[in-house]
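Protein sequences, first through last, are from chains G and C. Using my numbering, the letters of the first sequence map in sequence onto residues 66 to 476. Using my numbering, the letters of the second sequence map in sequence onto residues -3 to 600.
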Amino acid sequence: MENKLIILIVIILGAIAIAQLVRVYELSTKLRKSAEYEVNSRDNNLNARLMFLFMLLFFGSVIYLFVNYGWTGRGEAASIGGIETDWLLKLNLAIVTAVFFFTNFLLFYFTYKYVKKPGVAAFYYPHNNKLEMIWTVVPAVVLAVIIVLGLKTWNNLTGPSESDAIKVELFSKQFDWTARYAGKDNVLGKFDYKLTTDNNELGLVTTNTIDSSIRIMLESSTGIRSIQKLLNNRDTVLSDSTINVLKTDLSRKERLVRLLSQMKQNHNKKLDATAWDDIIQKDTLYLCKDKEYEFNFRAKDVIHSAYFLHFRAQINTVPGMTTRMKFTPIYTTEEIRKRRNDPNFQYVLMCNKICGGAHYKMKMIVVVKDKASYKKWMTLRQKETFKDKYFPAPVAPVIPVAQVVTNTPMN
Amino acid sequence: MASIAHEEHRHAHGHHDVHHHEENFVSKYIFSQDHKMIGKQFLMTAVFMGIVAMMLSILFRIQLAWPGESSDFLSFFLGEKWAPNGVLKEDMYLGLVTIHGTIMVFFLLTGGLSGTFSNMLIPLQLGARDMASGFLNMLSYWFFFISSLLMLVSLFVESGPAMAGWTIYPPLSALPQAVSGSGTGMTLWLFSMAIFIASSLIGSLNYIVTVLNLRTKGMTMTRMPLTIWAFFVTAILGVLSFPVLLSAALLLIMDRLAGTSFYLSDIIVGGEMLANHGGSPILYQHLFWFLGHPEVYIVLLPALGLSSEIIATNSRKPIFGYKAMIGSILAIGFLSFIVWGHHMFVTGMNPFLGSVFVFTTLLIAIPSAVKVFNYLTTLWKGSLVLTPAMLFAIGLVSTFITGGVTGIILADSALDIAIHDTYFVVAHFHIVMGMSAVFGMFGGVYHWFPKMFGRMMNLRLGYAHFWITIVGAYGVFFPMHFVGIAGAPRRYYDYSVYGEFDKGSFDMIMDLNVVITIFAIVAAFGQILFLFNFFYSIFRGPKAPQNPWDSNTLEWTTPVEHVHGNWPGELPIVHRWPYDYSKPGSDVDFIPQTVPLAEGEEEH
């Protein structure tokens, strides 16, 4: 409170001080009697020199920043595609930095050189087609080079992955990442968001998970039956708004459960195996050096962006659709630590699309191992597949949905 | 037809003069239909909104430089609710960033720049009595006013203002469960923007009609000052692109309020499984950026137009390559409609489509380069009078180059993958769009202040303002490039998370963030000089002469005291283009457009 008072007092005193200065200034201009707004040659020359001085300072600071910070945080690229990206980035930076220095120099130099001088008239020079041609064609040629090189790299980075690329899914939600390895068959099991339960956070599709979801939708404490019971109970009095909320909830759940039962009818049991051997991995993503990875991305709630800055790879994760990206790590975590001379350095997967309050905390540490230790780790993990961990015993079959959901589809 | 309408128009106004159009306070200052007053109303509102947006940026810059440290300044403005113990809340950080961006882009740089100067200058520089429809013009301002008010109100609602970034991508903006600002705050944001779009549309239609129909005798399209060309193309861009934003906003309003699924599919949020299926969040992004990219030029073209006029006048030389300048404006305007996909390279869009957008986007660099070299050649062998307006116009050319060249890197999809949504982008658009447009606006205010208020601004304060602003703003935005190359994502509340995995980046980002914030505070204080100079000069500045800068354009032939209908007698007749500065064979270094060609004199 005192602080606010002090701030207010300072503001008021400041305003009074300015008012006093203004009075002094007004009196002094009356004494001088000159037209205060006319730019005299002193003003002109001073500002022209300041322009030149500013250019020197500006260029100096830019060079200082380049030397000190240019590549400090970025470091070396750690993937095959990343090396290509960085080469192209350096080339482009060199071109645009040269243009930046050249044109800014001309601008400030001309301002300095051609400031109004007594007796020197401006040169009437309205147009020159040849000059116009030069600065249309030269940039066009340079841009053509930039475009061709850029698209070549773009095609390499976004093209299809090798057929033996390791398939990994990254699942994003507020505010963390979950990885799913495809398991022994290197095929990711199918998923459907409606199957998401505590035991099946990624919504994988198997006969058991469908049954389990239907059961929860029907029988859990907030399930369809409890809601129906609550609404039909004549002994409890509910407010209109509560009834509305419950009814909306009920119709939503009934719609979902109908869709689930459809899914059950259409489900091909042979596909269960592709999901059962998947491996769900939290906290840290382990990758193998020199192996190509094909990542599938999903989002549970809002758009996130998977940003592997050290591998120079990025793609948005979008609710309702799957996005893809590939890269091949080329240095293990141990190796990159030596190369960057930072014993605690870690690769990281960050979220790079605004996704809510804790957006800045949403990340996953990435560890790249050499082939031997990756294989060792993977063999251990393969003993904890999706089935082993979450559905060791089969789920009891559920009652057909039609018997429970009685009323007509939601309006 | 047009000429007949024109004659009648003139006649009608001649009539007015006989009767001495008496106006009361309300019709003169509040519900005014006079384009000069409406221009000033836009300027005042936009300046106020600009101050608010700048203050918001200082608030979140304090958090970025000294994360987690208690600040009296923050608790003074945000109170215990949003800054408990003087530490900014995460949600409010996003709210501040969102509203800062929205106000700056739409309310200051669109409403303030195009609204002020199109209104002020189109009739004056074309030799028209007023806008084609004074009433619609008045509506345009009052819609703008209401939408500004709604946007400000949204800062004070209990669940906080919109927090999804100024681009308000759904699902984040559609789901109140995802972030608190997507409740009432976002509803207000959407309604405010819907009204803003209406304002912008009415204004733009009026500008287009006025430019096409109300040019005075002799004012052919190729004798129009470049300011008018810029406003004209800007208005066309606005008319074609803003309705698309309106549709994007309406669909979002429907998703939020009517349970539709335009942008929503397969979502579980806050433990609730939504039944929405089949929508696409990417659809919103296409719609948004179909406006969003032309919007950049809606902001930039008026600034370039103003600076063309200021640079030609104060170089005492014709603008170099007048027709090439018009061609560039048209080319930029056209291309701006087919480049929106470069904002979406990493959304999972088809890579081939990405390649097409790379190509079209990089094409824009060509007309931009032409404009820069034409400015440089205009300065070359000129006789420069460095007024504050001229300094700002030169500053604009510098920021247009500096921010423009980094656009080449971002437009290259392969490179965009690695720097998309990092501080490199923040640096790029703040320099090329923010600084350039603000410099254009300041230049415009310093240059046309005598026309707006009949008084002169103080020269020394103007100089001081320029130097503090250019040093401060470059100091803020240039280091951001390096933070971005290091890979720091934008819209992070606290960069000390880097400490957990990369000490080198951590040190660098934290150091540069302090530097940036200090420059931002200095630059903000510099604006006090401008505000003081501006308001002080309105009331107590020295009286302006009729043509203070020895300029050729028509607005300087009107009397200093504003009259209804702009010219007391007949409308001026135009005989030449507006850039006859230092023409050989003339005694003076400027020949106003109203002077007939001398015998044997050739038009440029």
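Using N, Cα and C, we set each Cβ at its ideal position, and we do this for glycine too. Note that this is a predicted model, so its numbers are computed, not measured.
Between the C-alpha atoms of F152(C) and V93(C) there is a straight-line separation of about 15 Å. No Cβ-Cβ contact shorter than 8 Å links L222(C) with G323(C). Contact holds between the stretch 567 to 586 of chain C and the stretch 188 to 198 of chain G, because three or more Cβ pairs, one in each stretch, are under 8 Å apart. With contacts defined by Cβ atoms closer than 8 Å, F474(C) and A410(C) do not form a contacting pair. At a cut-off of 8 Å between C-beta atoms, H332(G) does not count as an interface residue with respect to chain C. For Q59(C), the enclosing alpha helix (DSSP H) begins and ends at 31 to 61. When only Cα atoms are considered, L350(G) and G385(G) end up about 24 Å apart.
Looking at V48(C), T212(C), G111(C), the one whose alpha-carbon comes closest to that of N202(C) is G111(C). Residues of chain C with a Cβ closer than 9 Å to the Cβ of S226(G) do not exist; the shortest Cβ-Cβ separation is about 13 Å. With fewer than three CB-CB distances shorter than 8 Å, the stretch 328 to 345 of chain G does not count as touching the stretch 384 to 402 of chain G.
In this structure, the CA atom of P298(C) is about 26 Å from the CA atom of Y179(G).
Considering only F165(G), Y177(G), I145(G), the residue with the shortest C-alpha distance to N112(G) is Y177(G). Taking CB atoms only, Q447(G) has no neighbour in chain C less than 8 Å away. Neighbours of Q327(G) in chain C, taken as residues at a C-beta separation under 7 Å, are lacking, since the least C-beta distance is about 13 Å.
Nearest to V270(G) by alpha-carbon distance, out of F175(G), Y455(G), G254(G), I401(G), is G254(G). Looking only at G391(C), Y293(C), S178(C), the smallest Cα-Cα distance to G329(C) is reached by Y293(C). Beta-bridge partners assigned by DSSP to Y246(G): V233(G), I344(G). Within the stretch 477 to 503 of chain C, the residues whose Cβ lies closer than 9 Å to any Cβ of chain G are, in chain order, H477, F478, V479, I481, A482, G483, A484, P485, R486, R487, Y488, Y489, D490, Y491, V493, Y494, E496, F497, D498, K499, G500, S501, F502, D503. Around the beta carbon of P157(C), 16 or more other beta carbons lie within 10 angstroms, which makes this residue buried. In terms of Cβ geometry, F420(C) and H338(C) do not form a close pair [threshold 8 Å]. Taken atom to atom, the span from the alpha-carbon of D507(C) to that of Y491(C) is near 11 Å. In this structure, the alpha-carbon of L184(C) lies about 7 Å from that of M147(C).
Closer than 8 Å to the CB of S150(C) there is not a single CB belonging to chain G. In the structure shown, the three-state DSSP call for Q327(G) is helix.
Contact annotation: in the stretch 352 to 363 of chain C, residues whose CB is within less than 8 Å of a CB in chain G are V354, F355, L358, L359, A361, I362.
Checking the DSSP bridge columns, you'll see Y179(G) has no partner listed.
For the pair of segments examined, the stretch 160 to 174 of chain C was found not to touch the stretch 423 to 437 of chain G: the number of CB pairs separated by less than 8 Å stays below three.
Counting along the chain, K319(C) sits inside the alpha helix (DSSP H) bounded by residues 318 to 331. Taking the Cα positions, N115(C) is about 36 Å away from R114(G). Cβ-Cβ distances below 6 Å link H375(G) to A143, Y412 in the same chain, with the five nearest sequence neighbours on each side left out; the list follows chain order. Counting along the chain, the unbroken beta strand (DSSP E) around N381(G) starts and ends at 378 to 382.
In this model, D355(G) and Y455(G) are separated by some 32 Å (Cα to Cα).
Proximity of chain G to P157(C) at the Cβ level (cut-off 9 Å) is not reached, the minimal Cβ distance being about 14 Å. Taking a contact as a CB-CB distance under 8 Å, the pair N169(G) and S394(C) counts as one, their CB atoms being some 6 Å apart.
Uninterrupted alpha helix (DSSP H) stretches at least 4 residues long and entirely within the stretch 66 to 122 of chain C occur at 68 to 78, 86 to 98, 112 to 122, given in chain order. Nearest neighbour of A84(G) by Cα position, chosen from F531(C), S66(C), S150(C), turns out to be F531(C).
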